[in-house]
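Heads up, the sequence shown is in this note's numbering, so the first residue is 2 and it goes up one at a time.
Glycine is no exception: its CB is placed at the ideal position from the N, C-alpha and C atoms.
Written out below as structure tokens is the structure these notes cover.
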Amino acid sequence: RAESAPLLRASALHMSYRRPGRKESFTALTDVSFDLREREIVGLVGESGSGKSTIGRIVAGLARPTAGSVSLRGEVYNAPGDVRLPKSLRPAVQVVFQDPYGSLNPRRTVAATLAEPFVVNTDLPAAEIRARVEALVARVELPQSVLHRLPAQLSGGQRQRVAIARAVALEPSVVVADEPVSALDITTQTQIVALIRRLRAELGTSFLFISHDLGVVADLCERVVVLNQGRVVEQGPVHRVFDDPRDPYTRELLDSIPGRVARV
């Protein structure tokens with residue numbers, strides 16, 4: 002049968018920046034296209050400066066491309082000009098950053114942080130919001146005692162769980178996870194990867210998982226998009242791309258891993 006239309010589609014994305022005091026602009030992305038299907042985890046990999054985070058910001062609606070578009074279920078929500086995600090769809094695309102400490106308000110308790118998506122986007126009464134916040138904390142495997150704490154009173158792994166809980170509060174269609182485990186120790190990384198996998202199973206959320214750690218991508222993702230200097234050089238099923246890379250840059254990336262990912 003014909004394959005269903007993708008949940009999210011990035012089409013021919015270009016991104017150029019004008020640098021202060023420079024005449025020429027810097028091109029961060031050139032003709033980047035990829036799809037994200039329902040309930041899928043797609044890895045976006047490449048060296049530092051390859052354009053991964055720029056794509057993440059565009060998909061999350063935090064930056065506008067110079068050309069090209071991003072659509073959700075066929076509706077364009079990010080493109081040059083004044084294209085915006087309708088208010089009803091805004092909770093549908095969420096983002097988790099590498100440094101949860103930077104994205105969590107240091108003066109707000111975990112309870113206040115997790116209540117915010119409900120306060121802003123729903124008309125739920127306070128008691129129902131409180132119940133949902135308690136359920137969210139349980140969903141990301143944190144004790145209820147964290148609700149009254151500030152971010153500084155949490156470990157790095159706990160902060161990242163809070164950031165993930167906030168992102169999935171309204172059960173979004175897509176979560177952009179930009180290097181969500183790279184600042185964590187190996188044990189905590191493994192736990193967060195397992196959490197992402199479980200949230201996908203429970204909520205049906207699709208993830209765009211941005212990482213320079215090919216081992217984690219091999220473990221978690223179904224498909225992978227390889228970026229080099231703002232261009233897609235290869236994409237496909239993660240096992241095929243990592244076992245039989247067709248582009249020299251992909252081979253180079255894989256060869257730079259200690260012990261290689263031959264286990265894939």
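Residue i: first and last residue of the uninterrupted beta strand (DSSP E) it sits in
i	result
A68	A68 to L73
N79	E76 to N79
V33	S26 to L37
L8	L8 -> no beta strand (DSSP E), and no H or E assigned at all.
I211	S207 to I211
For residue i, three-class secondary structure by DSSP
i	result
Q99	coil
A13	strand
V182	coil
I42	strand
D245	coil
L228	strand
R252	helix
P152	helix
V239	helix
S104	helix
R19	strand
A93	helix
S146	helix
Residue i, buried or exposed, once every other Cβ within 10 Å from all chains shown has been counted against 16
i	result
R23	exposed
T188	exposed
L137	buried
G82	exposed
G52	buried
Y78	buried
V121	exposed
A1	Lying outside 2 to 265, the shown extent of the chain, residue 1 is not represented and no answer is given.
R162	buried
P238	exposed
P126	exposed
R264	Only weak support exists for where R264 lies, its pLDDT of 40 falling under 50; the value from the coordinates is given anyway. Looking at its Cβ environment, which holds fewer than 16 other Cβ atoms inside 10 Å, R264 is exposed.
P246	buried
S146	exposed
L63	exposed
P181	buried
P144	exposed
F27	exposed
G47	buried
E253	exposed
E41	buried
Beta-carbon proximity of residue i to residue j, cut-off 7 Å
i	j	result
D179	I130	no
A11	V96	no
A1	P92	In this structure the chain extends from 2 to 265, so residue 1 is not present and cannot be described.
L200	V60	no
R58	P7	no
A112	L151	no
A13	G69	yes
T67	S17	yes
Start-to-end residues for the alpha helix (DSSP H) that takes in residue i
i	result
S54	K53 to V60
L221	L215 to L221
G158	G157 to V169
I187	I187 to L204
N122	V111 to N122
A139	A127 to R140
Anticipated Cβ contact below 8 Å, residue i with residue j, distance rounded
i	j	result
A195	P118	With 8 Å as the limit, A195 and P118 do not qualify as a contact, their Cβ atoms being about 24 Å apart.
L215	R198	Contact doesn't hold; Cβ gap of about 17 Å is too wide.
V227	D248	7 Å
A168	V176	5 Å
A166	L115	6 Å
P173	T206	6 Å
G231	L30	5 Å
V43	R224	5 Å
T251	V234	7 Å
H213	S49	7 Å
I56	L45	6 Å
Q190	V217	7 Å
I193	G158	7 Å
Any non-hydrogen atom of the ligand HEM closer than 6 Å to residue i Cβ
i	result
E180	Among the ligands in the structure shown, none appear at all, so the ligand HEM cannot be discussed.
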